[in-house]
Amino acid sequence: MIEKIINEIPTPCYVIDENKLTENLKLLKSIEDKTDCKILLAQKAFSNFNFYPLISEYISGTTASGINEAKLAHEFMPDKENHVFAPAFTEQDMDELVRICGHIVFNSFSQWKKHRDKIKNCGRDIECGIRINPEYSEIETKIYDPCAEGSRMGVTLSAFEDDELDGITGLHFHTMCEQNSDTLWRTVQIVDEKFGRYIKQMKWINFGGGHHITREDYDIETLIKSINFFKEKYGVQVYLEPGEAIALNAGWLVSSVLDIVHNVKDIAILDVSAACHMPDVLEMPYRPNIINSGKPNEKPYTYRLAGNTCLAGDTIGDYSFDKPLCSGDRLVFCDMAIYTTVKNNTFNGITLPSIGVLKSNGKFEIIKQFGYNDFKMRLGSETYEL
Ligand SMILES: *Cc1c(COP(=O)(O)O)cnc(C)c1O
1 MIEKIINEIP TPCYVIDENK LTENLKLLKS IEDKTDCKIL LAQKAFSNFN
51 FYPLISEYIS GTTASGINEA KLAHEFMPDK ENHVFAPAFT EQDMDELVRI
101 CGHIVFNSFS QWKKHRDKIK NCGRDIECGI RINPEYSEIE TKIYDPCAEG
151 SRMGVTLSAF EDDELDGITG LHFHTMCEQN SDTLWRTVQI VDEKFGRYIK
201 QMKWINFGGG HHITREDYDI ETLIKSINFF KEKYGVQVYL EPGEAIALNA
251 GWLVSSVLDI VHNVKDIAIL DVSAACHMPD VLEMPYRPNI INSGKPNEKP
301 YTYRLAGNTC LAGDTIGDYS FDKPLCSGDR LVFCDMAIYT TVKNNTFNGI
351 TLPSIGVLKS NGKFEIIKQF GYNDFKMRLG SETYEL
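Residue 149 in the numbering used here sits at position 149 of the sequence shown; the count goes up by one each step and never skips.
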């Protein structure tokens, strides 16, 4: 689909795919309809608020990682549920959160005790929850494992203060990352074994994110079985808060080749950067797909693709193509809607890619372009003098 309009797109540009986003949302809504669970957008994966009206047609609301995401949801999805979780909240955060959030999840009993009076006295009904750490996960990459030894995320069973539950109506766990529902099923059993006696006292339970629901091989039936297990055993409202799954494969990053150099290999320098524009490529790390490319040497012309920064390791990976790459050629990186526009940066003063949309009617539109001011204005004040 994007290939048809590729030459209309000024590069670099993230292009959100309205069709694929809608398809993902329809699938998620069908799970809400079948199970009465509620699905929330984890905004940290995708906060492109121009799409919030579309998203709110299908799912129940959002969750935020702190005050700014909570405010964004309040502004652009005002009629939907607004949940928030953070490792710790400041007094200032809480003053604002009690005005805009319906659910607040605490990472510790000390945080709960610190803020509960403010919540009780705020004049709104707020559902409060505790994040638990079941000390069980199947994540290999340590930086993404909230249950790794010594993790600060959630209350372990031994730290659980069952005499401080007055005012707590829900429990929350987040222990998964890009996983299928067999992992969820095993996790749910362990959460039940360890925390079942507390879930009994709750109105709701939140299964967190990391559910790759919109991936092709995802097993929906086991997800439904996991939701129904808690729903039937304890009568609780189940929440899921996927980030990735909302906009999985619902966008591209379109780039141009700027130069070809040679050092042992052929190296193509692009107008996008792994470090600045797709940081998960270096952080996860992983190798993004590119349309019409192959693994190294699979097609006749192999290149190392590299960014336009001074970081030596700003390389995206080795790819092969049917024809030699030339300056000006377009390369389209796949699955670039999530964890990109929310994470990119202007290191080296590199300009941020524009954000556009491929609409369901096949038309491409630019939503936002960036320039010198977006780099400058985060670094200081024009009115300050030393
Ligand atoms: C990151 C995160 C999510 C979303 O995770 P995905 O892997 O993008 O689905 C949901 N809840 C919490 C608490 C998170 O930290």
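For every residue, glycine included, the Cβ atom is placed at its ideal position computed from N, Cα and C.
Beta-carbon spacing of residue i, residue j below 8 Å
| i | j | result |
| --- | --- | --- |
| Ser-181 | Leu-240 | no |
| Thr-183 | Glu-138 | yes |
| Phe-85 | Ser-65 | yes |
| Ala-247 | Leu-21 | yes |
| Met-77 | Thr-62 | yes |
| Val-188 | Cys-13 | no |
| Thr-35 | Asn-228 | yes |
| Ala-250 | Asp-17 | yes |
| Phe-391 | Tyr-301 | Given a span of 1 to 386 for the chain in the structure shown, any question on residue 391 remains unanswerable. |
| Ile-31 | Val-15 | no |
Nearest residue (CA-CA) to residue i, options the options
| i | options | result |
| --- | --- | --- |
| Val-257 | Leu-305, Thr-175 and Asp-217 | Leu-305 |
| Thr-340 | Tyr-144, Pro-279 and Glu-283 | Pro-279 |
| Val-98 | Lys-120, Ser-108 and Asp-314 | Lys-120 |
| Thr-11 | Lys-363, Ser-354 and Glu-365 | Ser-354 |
| Phe-173 | Ile-9, Gly-209, Glu-382 and Pro-53 | Gly-209 |
| Asp-192 | Pro-87, Lys-233, Gly-154 and His-211 | Lys-233 |
| Gly-196 | Gly-371, Glu-149 and Ile-132 | Ile-132 |
| Phe-109 | Thr-141, Glu-161 and Ile-100 | Glu-161 |
Residue i - DSSP class collapsed to helix/strand/coil
| i | result |
| --- | --- |
| Arg-99 | helix |
| His-262 | strand |
| Glu-81 | strand |
| Lys-38 | strand |
| Ile-139 | coil |
| Ser-360 | coil |
| Leu-270 | strand |
| Ala-148 | coil |
| Lys-299 | coil |
| Thr-315 | strand |
| Lys-200 | coil |
| Gln-111 | helix |
| Phe-49 | helix |
| Tyr-372 | helix |
Same chain, Cβ closer than 8 Å to residue i, five either side skipped, listed in chain order
| i | result |
| --- | --- |
| Val-281 | Ala-274, Arg-287, Pro-288, Ile-316 and Gly-317 |
| Ile-190 | Pro-134 and Tyr-136 |
| Cys-128 | His-103, Ile-104, Val-105, Phe-106, Trp-112, Arg-116, Ile-119, Gly-167, Ile-168, Thr-169 and Gly-170 |
| Pro-285 | none |
Same chain, Cβ closer than 7 Å to residue i, neighbours up to 5 away in sequence not counted
| i | result |
| --- | --- |
| Val-236 | Ile-199, Met-202, Lys-203, Trp-204, Ile-205 and Phe-230 |
| Asn-50 | Ile-367 |
| Leu-72 | Gln-43, Ser-47 and Phe-49 |
| Phe-347 | Ala-275, Cys-276 and Thr-309 |
Cβ shell of residue i (< 6 Å), same chain only, five flanking positions each side left out
| i | result |
| --- | --- |
| Ile-267 | Val-261, Arg-304 and Ala-306 |
| Glu-81 | Ser-60, Gly-61 and Gly-102 |
Rounded Cβ spacing between residue i and residue j (contact assumed at less than 8 Å)
| i | j | result |
| --- | --- | --- |
| Cys-276 | Asn-345 | 6 Å |
| Asp-33 | Ile-67 | About 32 Å separates the two Cβ atoms, so there is no contact after all. |
| Ile-130 | Phe-364 | With 8 Å as the limit, Ile-130 and Phe-364 do not qualify as a contact, their Cβ atoms being about 46 Å apart. |
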